[in-house]
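Report on the following structure.
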Amino acid sequence: MLLDSYAQQGLYLNMNFNDKTSAGQQAYRGDLALVLGEVADASGRRLPPTATVRQAVLLAAADKLLLAAGFLDDVAKLGLFEERYAGDFAPDVKLLFFVANIGKPLVVSLQGATASLVPLDDGMVWNELLEVLHLEKDDLKGQSAADKVTTVLGAFAAYKPKGDVVTLAEALTRTIEVRLGGRGAV
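Residues 99 to 284 in the numbering used here are what the sequence shown lists, from first letter to last.
Printed below as a string of structure tokens:
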């Protein structure tokens with residue numbers, strides 16, 4: 099399956115799960131590499147990836163991606179996502195990314211697929227995804243972790259992307275400066 103091939107390529111980091119759904123699809127939650135790190139030694143071990151989609155949520159059927167969501171700290175990384183994964187998109191793939199450096203929601207076309215970009219400076223992607231899709235925790239009760247991702251895909255039927263429809267190049271001009279606040283003991 100497609101998501102197993104991603105695992106074999108070393109594209110998964112901080113994996114929560116990679117499991118089959120009851121419908122025979124495959125779901126993944128965790129971080130997803132966009133650019134792999136360089137080979138570090140003679141035995142082929144790699145340095146950490148230089149770009150990732152954090153807290154990614156993926157759903158695939160056979161060899162096509164049905165759903166991809168996650169957090170990007172820079173909208174420019176959307177181009178890296180497109181380069182690496184667009185060949186795996188199903189014709190009706192659902193794409194939703196939370197992006198730190200945009201100020202307003204945007205809708206971007208990635209090789210025929212529509213990607214919704216939602217501003218988010220801090221938060222958990224899974225919780226934000228449920229909120230954007232108007233899902234309640236009760237909607238997921240009693241389901242396996244993988245089947246919850248299938249429910250999220252189903253919720254996209256009622257989802258209407260918000261924001262200006264722009265090209266990726268235009269989205270890159272609409273960035274904002276991100277100021278990270280300090281945390282912890284002072």
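For every residue, glycine included, the Cβ atom is placed at its ideal position computed from N, Cα and C. In this text the structure is predicted, and so the values were computed from the model without any measurement.
(message) What residue range does the beta strand (DSSP E) around GLN106 cover?
(response) In the DSSP assignment, GLN106 falls outside any beta strand (DSSP E) and lies within the alpha helix (DSSP H) extending over 100-106.
(request) Could you check the C-alpha separation between VAL155 and ARG127 for me, to the nearest Å? (result) 5 angstroms
(message) Using a Cβ-Cβ cutoff of less than 8 angstroms, which residues in the same chain neighbour TYR110 once the five nearest sequence positions on both sides are dropped?
(response) TYR104, ASN116, TYR126, GLY128, ASP129, LEU130, ALA131
(request) Please report the residue range of the beta strand (DSSP E) in which ASP262 lies. (result) 262-264
(request) Assuming VAL197 contacts LEU170 (C-beta within less than 8 angstroms), just tell me the rounded distance between them. (result) 5 angstroms
(message) With distance defined between alpha-carbon atoms, name the residue in ASN225, LYS118, THR212 nearest to VAL263.
(response) THR212
(request) Could you tell me whether the region 167-187 touches the region 137-146, where touching means 3 or more Cβ pairs closer than 8 angstroms? (result) no
(request) Give the secondary structure of TYR126 by DSSP, where H, G and I count as helix, E and B as strand, and everything else as coil. (result) strand
(request) Kindly indicate which residue of ALA184, ASN114, ALA243, ALA269 has the alpha-carbon position closest to the one of GLN123. (result) With distances taken between Cα atoms, GLN123 lies closest to ALA243.
(request) Take LEU218 and list the residues in its own chain whose beta-carbon comes closer than 8 angstroms to its own, dropping the five residues that flank it on each side. (result) PHE169, PHE196, VAL197, ALA198, GLU226
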